[in-house]
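>
Residue numbers (UniProt numbering): 1 to 387.
1. Can you say whether residue 339 is buried or exposed, counting buried as having 16 or more other CB atoms within 10 angstroms of its CB?
2. How should residue 391 be labelled, buried or exposed, when 16 other C-beta atoms within 10 angstroms of its C-beta is the threshold for buried?
3. Is residue 306 helix, strand or coil by DSSP?
4. Excluding five sequence neighbours on each side, which residues of the same chain lie with their C-beta closer than 8 Å to the C-beta of residue 336?
5. Would you kindly work out how many angstroms separate the C-alpha atoms of residue 359 and residue 201, rounded to a whole number?
6. Can you tell me the Cα-Cα spacing of residue 100 and residue 80, whole angstroms?
7. Just the C-alpha distance for residue 342 and residue 255, rounded to the nearest angstrom, thanks.
8. Roughly how many angstroms lie between the CA atoms of residue 119 and residue 92, to the nearest whole one?
9. Can you have a look at residue 41 and say buried or exposed, based on whether 16 or more other CB atoms are within 10 angstroms of its CB?
10. With 16 as the cutoff for other CB atoms within 10 Å, does residue 75 come out buried or exposed?
11. What whole-angstrom Cβ distance do residue 233 and residue 188 have, given they're in contact under 8 Å?
12. Should residue 156 go down as buried or exposed, given a rule of 16 or more other Cβ atoms within 10 Å for buried?
13. Does DSSP put residue 211 in a helix, in a strand, or in coil?
14. Near residue 369, what residues of its chain come up, given a Cβ to Cβ distance below 6 Å and the 5 sequence neighbours on each side ignored?
15. Would you grab the beta carbon distance between residue 131 and residue 153 for me? Rounded to a whole angstrom, and I think it's under 8 Å.
16. Can you tell me whether DSSP reads residue 86 as helix, strand or coil?
17. Looking at the unbroken alpha helix (DSSP H) that takes in residue 129, where does it start and where does it end?
18. What does the alpha-carbon distance come out to for the pair residue 141 and residue 226?
19. Give the single residue among 36, 59, 207 and 230 whose Cα lies nearest to the Cα of residue 316.
20. By a C-beta neighbour count over all protein chains shown, 10 Å radius and 16 as the cutoff for buried, is residue 116 buried or exposed?
21. Out of 113, 269, 264 and 209, which has the shortest C-alpha to C-alpha gap to residue 282?
22. Excluding the 5 residues preceding and the 5 following residue 170 in the sequence, name in chain order all residues of the same chain whose CB lies nearer than 6 Å to its CB.
23. From residue 375 to residue 196, what distance separates their C-alpha atoms?
24. Is the separation between the beta-carbon of residue 164 and that of residue 239 shorter than 8 Å?
25. Along the alpha helix (DSSP H) that carries residue 160, what are the first and last residues, could you check?
26. I need the straight-line Cα distance from residue 386 to residue 63, nearest angstrom please.
27. On the criterion of 16 or more Cβ atoms from any shown chain inside 10 Å, does residue 45 qualify as buried, or is it exposed?
28. By how many angstroms is the C-alpha of residue 149 removed from the C-alpha of residue 327?
29. Please report how far the alpha carbon of residue 347 lies from the alpha carbon of residue 290, in whole angstroms.
30. Go ahead and pull the three-state DSSP assignment for residue 295.
31. Taking the alpha-carbon positions, what's the residue 190 to residue 181 distance?
32. Given a cut-off of 8 Å, decide if residue 371 and residue 203 are closer than it, judged by their beta-carbon atoms.
33. Can you check the segment 335–375 for any beta strand (DSSP E) of at least 3 residues that lies completely inside it and give the ranges in chain order?
34. Cutting at 6 Å between CB atoms, please list the residues of its own chain near residue 253, excluding the five before and the five after it.
35. My guess is that residue 114 and residue 107 are in contact by the Cβ rule of under 8 Å, so how many angstroms apart are they, rounded?
36. If you check the beta carbons only, do residue 287 and residue 245 fall under 8 Å apart?
In structure tokens, the structure reads:
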């Protein structure tokens, strides 16, 4: 028991020393906030114990150096007086305040002194200046009639709404920037082949939910809306749909096999039945050759579909990019019958003799059955869409 206790104490000391060294290294390399977090974590319990004294010293040092560095940056930014740096100034004041708020709960600490400042007015004044700057800058961007500027304006309004919720008409302007910065894409389908596309397949291929297309800056419509300006068009253009004739392929096999057919008694040279060591008659398994005529029928029908996915800029009427797409579906069904002894058949053939012929799928069904593969390939193209 004493050895276990000694091992536990030794391990604890090693871990403690390692943690202190890590904190010292963080301070030495300028990672003051990391050092503060480590020191605070170790001082939340038993802060008055002697073994915790190194953390108090490190916390005091790291806090002073972090505050000094941030205040130097505040002084520089204040003198620079660049409105574009107001966000950095605001976040620096927040960091100064947050750092103090983390330390306050464990105060006082023996032998340590922490200079606390009230940054409330600095934070409020900077927040107001930042809000005014963001609001003005975003409104300027809204006047450019450029989608990328609308998107930047949206980000500015969004950040402004987090910093200063309810500031003027920010929420309304944010919605407007979103609508004006978004690309609107019309999805359509055309068919140049001589085969009718099943209505159900057309609906599934044109379903926006199938591909999860919509995101913050892209909105897809599969039906053209009146008085709506679309930026792009994505067209699925079927070029050829080939459907093979219904075919039945035949093959015949003759299979033979030796199968168990009872047993014989093993005889010695004198024609007497041999005995084993226990005096029992020795039996020998007997085999007989069986034959089976096997007639196999394979029903076959195939569909091949080729198309293009075309992306067009509706503002310039220019084709941006075209992706070829091809899909195939094969219907195949095997059944068989036989004459003779089915024990002669290979195991993999036995399932077919229990099957029967089935109706061939219609041409419409064959085209529809290419749908899953078509949707998967179309989704792959849309994931790398050029718009």
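C-beta atoms are modelled at their ideal positions from N, C-alpha and C, and glycine is treated no differently.
Inspection of the coordinates gives the following:
1. Looking up residue 339 in the chain shown gives position 339. Counting Cβ neighbours within 10 Å, residue 339 comes out exposed, since fewer than 16 surround it.
2. Because residue 391 is not part of the residues shown, which for the chain are 1 to 387, the question remains open.
3. By one-based count along the chain shown, residue 306 stands at place 306. DSSP places residue 306 within a strand segment (E or B) once states are collapsed to three.
4. Here residue 336 corresponds to residue number 336 of the chain shown, with the count starting at 1. Excluding sequence neighbours, residue 336 sits near 294, 295, 296, 297, 349, 352, 353 and 355.
5. What you label residue 359 is simply residue 359 of the chain shown in a count that begins at 1. What you label residue 201 is simply residue 201 of the chain shown in a count that begins at 1. Here the alpha carbon of residue 359 sits roughly 22 Å from the alpha carbon of residue 201.
6. Numbered from 1 along the chain shown, position 100 holds the residue referred to as residue 100. Numbered from 1 along the chain shown, position 80 holds the residue referred to as residue 80. Using only the alpha carbons, I get a separation of about 26 Å.
7. Taking the chain shown and counting its residues from 1, one reaches residue 342 at position 342. Taking the chain shown and counting its residues from 1, one reaches residue 255 at position 255. If you take the alpha carbons of residue 342 and residue 255, they lie about 9 Å apart.
8. If you number the chain shown from 1, residue 119 lands on position 119. If you number the chain shown from 1, residue 92 lands on position 92. Taking the straight line joining both Cα atoms gives about 10 Å.
9. For the purposes of this step, residue 41 is identified with residue 41 of the chain shown, where counting begins at 1. With fewer than 16 other CB atoms across the displayed protein chains lying within 10 angstroms of its CB, residue 41 is exposed.
10. Start at 1 with the first residue of the chain shown, and residue 75 comes out as number 75. Its Cβ having fewer than 16 others within 10 Å, residue 75 is exposed.
11. As a first step, residue 233 must be located in the chain shown, where it is residue number 233. As a first step, residue 188 must be located in the chain shown, where it is residue number 188. About 7 Å; that satisfies the 8 Å criterion.
12. Taking the chain shown and counting its residues from 1, the one referred to as residue 156 is at position 156. By the beta-carbon neighbour count (other beta carbons within 10 angstroms, threshold 16), residue 156 is buried.
13. As a first step, residue 211 is located in the chain shown; it is residue number 211 there, counting from the start. Of the three classes helix, strand and coil, the one that applies to residue 211 here is helix, per DSSP.
14. As a working mapping, residue 369 is identified with position 369 in the chain shown. Spatial neighbours of residue 369 in its own chain (CB-CB distance under 6 Å, excluding positions within 5 residues in sequence) are listed in chain order as 329.
15. As a working note, residue 131 is residue 131 in the chain shown. As a working note, residue 153 is residue 153 in the chain shown. Between residue 153 and residue 131 the Cβ distance is about 15 Å, and since that is not below 8 Å, they are no contact.
16. For the purposes of this step, residue 86 is identified with residue 86 of the chain shown, where counting begins at 1. Helix, per DSSP.
17. The sequence position of residue 129 within the chain shown is 129, counting from 1. Residues 120–141.
18. The sequence position of residue 141 within the chain shown is 141, counting from 1. The sequence position of residue 226 within the chain shown is 226, counting from 1. Our two residues, residue 141 and residue 226, have alpha carbons roughly 28 Å apart in a direct line.
19. To locate residue 316, count along the chain shown from 1; it is residue 316. Minimum Cα-Cα distance from residue 316 among the listed residues 36, 59, 207 and 230 corresponds to 230.
20. Along the chain shown, one-based indexing puts residue 116 at 116. With fewer than 16 other Cβ atoms within 10 Å, it is exposed.
21. Here residue 282 is taken as the residue at index 282 of the chain shown, counted from 1. For residue 282, the closest C-alpha among the options 113, 269, 264 and 209 is that of 264.
22. The sequence position of residue 170 within the chain shown is 170, counting from 1. Within its own chain, the residues whose Cβ lies closer than 6 Å to the Cβ of residue 170, once the five positions on either side in sequence are excluded, are 157, 160 and 161, listed in chain order.
23. Position 375 of the chain shown, counted from the first residue, corresponds to residue 375. Position 196 of the chain shown, counted from the first residue, corresponds to residue 196. Near 18 Å, if we compare the C-alpha coordinates of residue 196 and residue 375.
24. The residue labelled residue 164 in the question sits at position 164 within the chain shown. The residue labelled residue 239 in the question sits at position 239 within the chain shown. Cβ distance not < 8 Å, so residue 164 and residue 239 don't count as in contact.
25. Here residue 160 refers to the residue found at position 160 of the chain shown. Per DSSP, the unbroken alpha helix (DSSP H) holding residue 160 starts and ends at 147–163.
26. Locating residue 386 in the chain shown gives position 386, counting from the first residue. Locating residue 63 in the chain shown gives position 63, counting from the first residue. Straight-line Cα distance between these residues: approximately 50 Å.
27. Here residue 45 refers to the residue found at position 45 when the chain shown is read from its first residue. For residue 45, the number of other beta carbons within 10 angstroms of its own is below 16, and it is reported as exposed.
28. As a position in the chain shown, residue 327 is number 327, starting the count at 1. As a position in the chain shown, residue 149 is number 149, starting the count at 1. Those two C-alpha atoms are separated by around 41 Å.
29. Mapped onto the chain shown, residue 347 falls at position 347. Mapped onto the chain shown, residue 290 falls at position 290. About 15 Å.
30. For the purposes of this step, residue 295 is taken as residue 295 along the chain shown, with counting starting at 1. Looking at residue 295 - three-state DSSP - the assignment turns out to be strand.
31. Here residue 190 refers to the residue found at position 190 of the chain shown. Here residue 181 refers to the residue found at position 181 of the chain shown. The C-alpha of residue 190 lies about 29 Å from the C-alpha of residue 181.
32. Here residue 203 refers to the residue found at position 203 when the chain shown is read from its first residue. Here residue 371 refers to the residue found at position 371 when the chain shown is read from its first residue. Not in contact: residue 203 and residue 371 (Cβ atoms no closer than 8 Å).
33. Listed in chain order, the beta strand (DSSP E) elements of length 3 or more contained wholly in the segment 335–375 amount to none.
34. Counted from its first residue, the chain shown places residue 253 at position 253. Closer than 6 Å at Cβ, skipping near neighbours: 294.
35. Here residue 114 is taken as the residue at index 114 of the chain shown, counted from 1. Here residue 107 is taken as the residue at index 107 of the chain shown, counted from 1. Right, the Cβ-Cβ distance comes to about 7 Å (below 8 Å), so this counts as a contact.
36. Taking the chain shown and counting its residues from 1, one reaches residue 287 at position 287. Taking the chain shown and counting its residues from 1, one reaches residue 245 at position 245. No, they are not a contact pair.
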